[in-house]
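In the numbering used here, the protein residues as written are 1 to 336.
Note that beta-carbon positions come from the ideal geometry of N, C-alpha and C, so glycine has one too.
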């Protein structure tokens, strides 16, 4: 897997892991970056090749275009366009998203099944764009070098050949371990803030991003979902939600039309693969008929009223939540 001929290749997938740790992990004031944007682009390009060896892009051109359009809207609103951003949905059931240096942003299809509207998708993408735009990978790398810069720094910063590439891999691996220990959680809070401002400027309701945080926190507590963001304890996810709520309330108080675009989002994920590929499950977007209850829909679509809780949970509803005619719901079905 690490047998590439170029030294950046070895560091590439380590950086994928490094950045995949997260979009939840405290403020990066004073963080220093000794690497150029051209170096970040080189890292990203090499790591992107490794990503494509490890994952397969999800085979749905319309969905890929849609996610890219939402991401590009965020980039325009952020005013951080120094990188040429690329957005890609990967065919993986995990609830995850990550970004590489240079503007490569990835979303797993498993995460898309958990979102309820376009504003939530935009929030996830904005958070990842924040990591790239704010040079978090390069800053983490710089911090890792620290006092060892005299012995490792010159080689890492100035060389891309031969055995020096191994030093990049060693340094990046050490950085990855630091992140697992909570070394770089400050960057996650900064990315949260970036996302909320970008959402508001793009015309999305920033509170939607917080709704998604709450949903994943609940899902983690109920199902033990191994999502990297919930391994963070300083600050806790609850504290992060509280901080995000404060900023979102300030932004919303400024007035203006703010969108969530639920129907548009659900239309694009209709038929999306759900869970492991071998399970042959998929999302069906169901339109509520007049007078229907969740129990009625469970009987009609799943053949069992006892499965009402499944539909309720995937839609973040209570089992007795009243439904409106024309409302759209996600239902997980099994292929024949």
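Rounded to a whole number of angstroms, what is the C-alpha to C-alpha distance between residue i and residue j?
i	j	result
residue 289	residue 217	31 Å
residue 199	residue 297	34 Å
residue 77	residue 207	17 Å
residue 279	residue 190	38 Å
residue 319	residue 303	16 Å
residue 197	residue 243	13 Å
residue 43	residue 255	41 Å
residue 40	residue 321	49 Å
residue 238	residue 131	21 Å
residue 264	residue 274	19 Å
residue 79	residue 291	47 Å
residue 52	residue 195	26 Å
residue 71	residue 112	14 Å
residue 47	residue 140	16 Å
residue 253	residue 134	26 Å
residue 104	residue 120	19 Å
residue 236	residue 245	14 Å
residue 101	residue 142	14 Å
residue 38	residue 269	36 Å
residue 307	residue 301	10 Å
residue 336	residue 305	20 Å
residue 222	residue 323	25 Å
residue 311	residue 299	11 Å
residue 95	residue 55	14 Å
For the beta strand (DSSP E) containing residue i, name the first residue and the last one.
i	result
residue 54	No beta strand (DSSP E) holds residue 54; the alpha helix (DSSP H) holding it covers 37-54.
residue 104	104-108
residue 88	86-90
Are the beta-carbon atoms belonging to residue i and residue j less than 8 Å from one another?
i	j	result
residue 250	residue 214	no
residue 247	residue 193	yes
residue 317	residue 294	yes
residue 286	residue 272	no
residue 124	residue 97	yes
residue 65	residue 89	no
residue 83	residue 68	no
residue 337	residue 115	Outside the shown range of the chain (1 to 336) lies residue 337, about which nothing can therefore be said.
residue 60	residue 260	no
residue 284	residue 331	yes
residue 126	residue 74	yes
residue 262	residue 328	yes
residue 266	residue 205	no
residue 57	residue 92	no
residue 122	residue 62	no
Could you name the residues that DSSP lists as bridge partners for residue i?
i	result
residue 206	Answer is none; residue 206 lacks a bridge partner.
residue 216	Bridge partners of residue 216: none, in fact.
residue 259	204
residue 97	107
residue 57	90
Where does the unbroken alpha helix (DSSP H) through residue i begin, and where does it stop?
i	result
residue 251	237-252
residue 329	Note, residue 329: premise wrong, no alpha helix (DSSP H); beta strand (DSSP E) at 328-334.
residue 125	118-133
residue 79	Element bounds for residue 79: n/a, residue is neither H nor E.
Closest Cβ-Cβ distance between residue i and chain C: below 8 Å?
i	result
residue 62	Among the chains in the structure shown there is no chain C, since it carries only a single protein chain.
Quick one: which unbroken alpha helix (DSSP H) runs of 4-plus residues sit fully inside the region 270-323? Chain order, please. For secondary structure counted as the alpha helix (DSSP H) over 4 or more consecutive residues, the region 270-323 holds these complete runs in sequence order: 294-302 and 308-314.
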